[in-house]
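As structure tokens, the structure follows; a few thoughts come after it.
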Amino acid sequence: MVGASLAGLSAARSLRKQGYDGRLVVIGDELHRPYDRPPLSKEFLAGTMGEADLVLEMDDEDLGAEWLLGARATGLDRTDRAVRLADGREVRADGIVVATGAAARTLPGSEGLAGVHVLRTLDDARSLREELAGGGRLVVIGGGFVGAEVASTAYALGLDVTVVEVAPTPLAGPLGETMGAIVSALHADHGVRLLCGVGVKGLSGERRVDAVLLEDGRSVPADIVVVGVGARPCVEWLEGSGVELDNGVKCGADGRTSLAGVVAVGDCANWYDPRAGAHRRVEHWTGARERPDAAIATLLAWGATEPGVPRPPYFWSDQYGVKIQFAGHAAGADSVTIEEGAADDRNVLAVYRRAGEPVAALGMNQPRLFTRWRKQLARTTS
Amino acid sequence: MMIPACPLADLPRGEAFRLEIDPPVTVFHTEDGELFAIDDTCTHQDASLADGWVEDCWVECPLHASKFNLKTGEVDAPPAKLPVRTHEVVVDNGMVYVKLSTVAPNLPHCVARKLAGTLA
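In order, the protein sequences belong to chains C and X.
Take any residue in the first sequence, count from 1 to its spot, add 1302: that is its number in my numbering.
So in my numbering, spot 32 of the second sequence is number 28, and the numbers just go up one at a time.
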């Protein structure tokens, strides 16, 4: 198991559940046992959740695994199916699960400048939490989900917050233009400045950041900067291994890679989606939790199982006290209608359709109806 | 303590009825026609399991996908780690009653604080 976060842990659980009782080695590049990342931008950052609350293993859980933590995989040798580690060790295996996740993209030229953060790991969150406690002016670069959640949390902590987004509408990729605009209006509702359609030229400051410089010549004063411009799959270590890479690890609909005995799950895995008729790399918690079951079935019985159709991708976000939930794929929808609630009330159930067929649903503070639509989507698109 | 929930006729299969007591309890009528009552609040965060996805005898939390067994209250996997309480369901004369468990509930931090009155 290369990767010790949710996808790796879920795969380890699936292995044991599906009857594998042999040796199991879990390799993780962070020093921590598996922990939950979604709260890092929300409750953990806000201080209402501690580190113990993030632990993903049950108290009495024993997977019978050997944990190699703080060990980074640097290569995979296909001939004897061995994983090479940065410290020179080598782990040979009969089957390999690639679950190395993704890493936060950074802003070129921001290295070494104090006050500049990304948010991906527990260590990132610890250091950002400490800094936010001092208050001041926060500029968030990127109006995606991580950026929006950090903005929302920092606003609640009393900071002066500005969000800069290069696209004309934040969240237009995952949610489409119409709903992206409605969801990102939450910033303005709370007096958080949102600057859209403008890129970032760079950061200014000697040892510590003091402003974000925009492409249009404006300069936004900042005491703290969070760079939330997406993540890239951590698959460099597989280059030249024979595992085909294409926007992460290219996988079939059951997690298989181009190498027998190697499957991939989680944020690094670009699974074929039979619904979409294309490969899609899903960077959501629920994918990391659900898909290992199928991938492990594949690993244990190579070629003998038929890939099932996974449930439509689902993710959630909490911003300014509004519960946002989304299932399906917005891309390819030709219409979106608000079926319940009103955009102005930030209380909405919206359904995306293509040629009249529902393909996605978005809820803002509508958990009950949202579940109904999520079930509906699983039925109509399977 | 036996609490009247709702007439059985008002609770078709596949539906759930939330009893607005403190803490709330939900009665599930499964597609197979069985009736179960469990605590309504997910043990991880303040989410109503009545809004969740019921399949076989499990309800999936509407927010973060932990599943709770309707018969035993056990949870399948984190983020929730503690079981919910189960309560006995009695149908008498077309009326659904819930016999409340006397065990202490496993409420998420935020709700527990709210109940204790330390959260505004």
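Yeah, the Cβ is synthetic: ideal placement off N, Cα and C, and Gly gets one too.
As the structure is a prediction and not an experimental result, all values here were calculated from the model.
Establish whether the CB of Trp54 (chain X) and some CB of chain C are separated by less than 9 Å. no
In DSSP terms, what Leu1659 (chain C) is bridged to: According to the sequence displayed, residue 1659 (chain C) carries Glu and not Leu. Paired residue(s): C:Arg1656.
For the pair the region 1389 to 1397 of chain C and the region 1355 to 1366 of chain C, tell me if three or more CB-CB distances fall below 8 Å. no
Near-chain C residues of the region 7 to 24 of chain X - C-beta to any C-beta below 9 Å: none
Using 10 angstroms around the beta-carbon of Lys67 (chain X), count the other beta-carbons present and answer buried if the total reaches 16, otherwise exposed. exposed
Considering Met91 (chain X), what are the terminal residues of the alpha helix (DSSP H) in which it resides? Looking at the DSSP string, Met91 (chain X) is not in any alpha helix (DSSP H); the run it does join, the beta strand (DSSP E), is Met91 to Lys95.
Test: Arg1591 (chain C) CB closer than 9 Å to a CB of chain X: yes
Please list the terminal residues of the continuous beta strand (DSSP E) segment that includes Lys1344 (chain C). Per DSSP, Lys1344 (chain C) belongs to no beta strand (DSSP E) and is neither H nor E.
Apply the 10 Å Cβ neighbour rule to Trp1604 (chain C) and answer buried if 16 or more other Cβ atoms are within range, or exposed otherwise. exposed
Among residues of its own chain, excluding the 5 on either side of Asp1525 (chain C), which ones have a beta-carbon nearer than 6 Å to its beta-carbon? Apart from sequence neighbours up to five positions away, the residues of its chain that approach Asp1525 (chain C) with a beta-carbon distance below 6 Å are Gly1438 and Arg1439, ordered along the chain.
Could you have a look at Val1485 (chain C) and say whether DSSP puts it in helix, strand or coil? helix
Once the 5 residues before and after Arg1315 (chain C) are set aside, which same chain residues still bring their CB inside 7 Å of it? Leu1365
Assumed close pair Pro1535 (chain C), Cys1498 (chain C) - CB separation to whole angstroms, cut-off 8 Å: Rounded, the Cβ-Cβ distance is 27 Å, inconsistent with contact.
Assign Ala1456 (chain C) to one of two classes, buried (16 or more other C-beta atoms within 10 Å of its C-beta) or exposed (fewer than that). buried
Counting only Cβ pairs nearer than 7 Å, list the residues of chain X close to Thr1402 (chain C). Those do not exist, as Thr1402 (chain C) stays about 21 Å from chain X at its closest Cβ, beyond 7 Å.
Buried or exposed: Leu1371 (chain C), going by 16 or more other Cβ atoms within 10 Å of its Cβ? exposed
Tyr1616 (chain C) at chain X interface by Cβ criterion, 9 Å: yes
At the level of alpha carbons, what is the spacing between Gln1621 (chain C) and Tyr1337 (chain C)? 22 Å
Length of the line joining the Cα atoms of Leu115 (chain X) and Ala1427 (chain C): Low confidence applies to Leu115 (chain X): its pLDDT is 44, below 50, so where it sits in the model is not reliable, and the reading given next is rough at best. As the crow flies, the alpha-carbon of Leu115 (chain X) is around 25 Å from that of Ala1427 (chain C).
Pull up the CB-CB distance for Gly1330 (chain C) and Ala1306 (chain C), whole angstroms please, since I reckon it's below 8 Å. 3 Å
By Cβ distance, which residues of its chain are closer than 6 Å to Gly1444 (chain C), with the 5 residues on each side in sequence left out? Excluding residues within five positions, the ones whose Cβ falls inside 6 Å are Gly1530 and Val1531.
Go through its chain and collect everything with a Cβ distance to Gly1550 (chain C)'s Cβ below 7 Å, but skip five positions before and after it. Pro1535, Val1537, Cys1570, Ala1571, Asn1572 and Arg1583
Interfacial residues, the region 62 to 87 of chain X to chain C, with Cβ spacing under 9 Å: Of all residues in the region 62 to 87 of chain X, Val71, Ala73, Pro74, Pro75 and Lys77 have a Cβ within less than 9 Å of some Cβ in chain C.
DSSP three-state assignment for Tyr1574 (chain C), whether helix, strand or coil: strand
Since Val1514 (chain C) is in the beta strand (DSSP E), which residue starts that stretch and which ends it? Ala1513 to Leu1516
Under 7 Å Cβ to Cβ from Glu1546 (chain C), same chain only, skipping five residues before and after it: list those, please. Lys1552, Thr1559 and Ser1560
For Ala1597 (chain C), collect the residues of the same chain with a Cβ closer than 6 Å to its Cβ; drop the 5 residues on either side in sequence, then sort them by chain order. For Ala1597 (chain C), where only same-chain residues beyond five positions count, the Cβ hits under 6 Å are Gly1557, Val1565 and Val1567.
Going by beta-carbon coordinates alone, are Leu59 (chain X) and Gln1627 (chain C) separated by less than 9 Å? If you check the CB distance, Leu59 (chain X) and Gln1627 (chain C) come in under 9 Å.
Would you identify the three-state DSSP class for Asn1667 (chain C), choosing helix, strand or coil? coil
Distance between Glu1479 (chain C) and Arg9 (chain X) (C-alpha atoms, nearest Å): 38 Å
9 Å Cβ cutoff, Gln1627 (chain C) in contact with chain X: Yes, Gln1627 (chain C) lies at the interface with chain X (some Cβ there is under 9 Å from its Cβ).
Roughly how many whole angstroms lie between the Cα atoms of His105 (chain X) and Asp1548 (chain C)? A direct Cα-Cα distance of roughly 42 Å separates His105 (chain X) from Asp1548 (chain C).
Contacting residues, own chain, Cβ-Cβ under 6 Å from Glu1392 (chain C) (five flanking each side not counted): Within the same chain, Glu1392 (chain C) has close Cβ partners Ala1384 and Arg1386.
Which runs of the beta strand (DSSP E) at least 3 residues long sit entirely within the region 1553 to 1634 of chain C? Give them in chain order. 1564 to 1566, 1571 to 1575, 1580 to 1583, 1616 to 1621 and 1624 to 1630
Cβ closer than 8 Å: which chain X residues qualify as neighbours of Arg1315 (chain C)? Ala73
How would you list, in chain order, the residues of chain C whose beta-carbon sits under 7 Å from the beta-carbon of Asp47 (chain X)? Pro1669, Arg1670 and Thr1673
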